[in-house]
Amino acid sequence: MATILDGKALAAKIKEKLKEEVGVLKERIGRPPTLAVVLIGEDPASQIYVRNKEKACEEIGITSIGIRKPASISQEELENIIIALNEQQDVDGILVQLPLPGHLDSQKIINLIDPAKDVDGFHPVNMGKVVLGLFDEGLMPCTPYGVMKIFEAYGIELQGKNAVMVGHSNIVGKPLANMMINKNATVSVCHVYTEDLKSYTLRADILCVATGVPHLIKVDMVKEGAVVIDIGISRVNGKIVGDVDFENVKEKVSAITPVPGGVGPMTIAMLMYNTVKAFKLREG
Ligand code: GUN
């Protein structure tokens, strides 16, 4: 029987510890950590994600400032919001929910965020620290960081293992591949242009999938005893499903994350972790 990697329980544990820490820090510094959450437009999925992030802040004692603007906002207006948040002394973290409406240049917005407040870890400075393995100094992207915490919590060793990352997005695939390299795994990165995906996934001791293609990974594509991390989330006929055919794959592997209840809650826990870290780095 595969171990079900319980991200939800691990996230709850991390948040509980953060709540205690925030209580102590608030006393010492005289104000709570503060996260600005910027949501542009009405995308229903983004609205849910943002609500969950704000709820987590409330649970832990982090102040969240919600900034909601219509999809028609101009690049310049949004840039001015970021510039103002960078300058605001009592704002520790700035999160711009992605994706942004098509007419906005997301990378230009991300580049404008003060790296010390970039709690999503998407700024090139923080991405550079991911590549170099400078965990202590920077703010690591939340989803890949959450995956690494799952490996750590369950004693899953990466050194010398064949790790396969399916998906090469800036927010998950690229940073997670680099984090696994820094743990001395032999990492292959596959994506939509990869020929014969199965020939790679079959060799994976550790298989991480972040494509957004529901049930892309079938049981005949995984190695017996592998560890499978499903970072996909899609809605199919009203049901939330991942990128892995969980019901069949779980019979063949040694450990697997469920969807929902796997990586998703860890993303939010690590966002809270980063916000507290940004607060501490700024306030000393
Ligand atoms: N959209 C999908 N995932 C994320 C994330 O981790 N952060 C932000 N800001 N937007 C996202």
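Be aware that the sequence shown starts at -4, since it is given in our numbering, and climbs by one per residue.
Beta carbons: idealized from backbone N, C-alpha and C, even for Gly.
Consult DSSP for residue i and reduce its assignment to one of helix, strand or coil.
i, result
"Lys112", "helix"
"Thr206", "coil"
"Lys64", "strand"
"Lys144", "helix"
"Leu20", "helix"
"Asp238", "coil"
"Ile341", "Because the chain spans -4 through 279 in this model, residue 341 falls outside it and cannot be assessed."
"Thr29", "strand"
"Asp215", "helix"
"Thr(-2)", "strand"
"Val254", "coil"
"Ser249", "coil"
"Ser59", "strand"
"Ile35", "strand"
"Ile224", "strand"
Just reading off the alpha helix (DSSP H) that residue i is part of, what are its end residues?
i, result
"Ser41", "39 to 55"
"Val271", "258 to 278"
"Ser69", "Careful: Ser69 lies outside any alpha helix (DSSP H) and carries neither H nor E."
"Ile104", "101 to 107"
"Pro119", "119 to 127"
Check whether the Cβ atoms of residue i and residue j lie closer than 9 angstroms to each other.
i, j, result
"Gln154", "Lys178", "yes"
"Gln102", "Tyr44", "no"
"Gly2", "Pro253", "yes"
"Val167", "Ala205", "yes"
"Val239", "Leu276", "no"
"Ala264", "Leu13", "yes"
"Gly162", "Cys203", "yes"
"Ile251", "Val223", "yes"
"Pro96", "Leu134", "no"
"Val142", "Leu90", "no"
"Asp85", "Thr29", "yes"
"Tyr268", "Ile9", "yes"
"Asp87", "Ala273", "yes"
"Thr286", "Pro27", "Nothing can be reported for residue 286, as the shown portion of the chain is limited to -4 through 279."
"Val244", "Val217", "yes"
"Val214", "Glu190", "no"
"Phe146", "Ile108", "no"
"Lys21", "Gly56", "yes"
"Ala172", "Met160", "yes"
By the DSSP assignment, the beta strand (DSSP E) with residue i in it spans what residues?
i, result
"Ile89", "88 to 91"
"Ile151", "Segment: none, Ile151 is in no beta strand (DSSP E) and carries neither H nor E."
Give a single yes or no on whether residue i has its beta carbon closer than 8 angstroms to a heavy atom of the ligand ATP.
i, result
"Ser59", "No copy of the ligand ATP appears in this structure; the ligands present are the ligand GUN."
Chain B beta carbons: is any one of them nearer than 9 angstroms to that of residue i?
i, result
"Tyr268", "Looking for chain B here will not work: only one protein chain is present."
TODO: Please go through the stretch 155 to 194 and give each complete beta strand (DSSP E) segment of 3 or more residues, from N-terminal end onward.
DONE: As far as the stretch 155 to 194 is concerned, its whole beta strand (DSSP E) runs of at least 3 residues are 157 to 161, 181 to 185.
Task: contact_flag[the stretch 226 to 233, the stretch 180 to 196] where n(CB pairs < 8 angstroms) is 3 or more - done: no
Task: Stretch pair the stretch 70 to 77 + the stretch 43 to 56: three plus CB contacts closer than 8 angstroms - done: no
TODO: Inspect the CB distances between the stretch 56 to 68 and the stretch 118 to 125 and report whether three or more fall short of 8 angstroms.
DONE: no
Open item on the list: With three or more beta-carbon pairs closer than 8 angstroms as the criterion, would you say the stretch 156 to 171 touches the stretch 17 to 29?
Closed with: no
Task: the stretch 103 to 121 in contact with the stretch 55 to 62 per 3-pair CB rule at 8 angstroms - done: Short answer: they don't touch.
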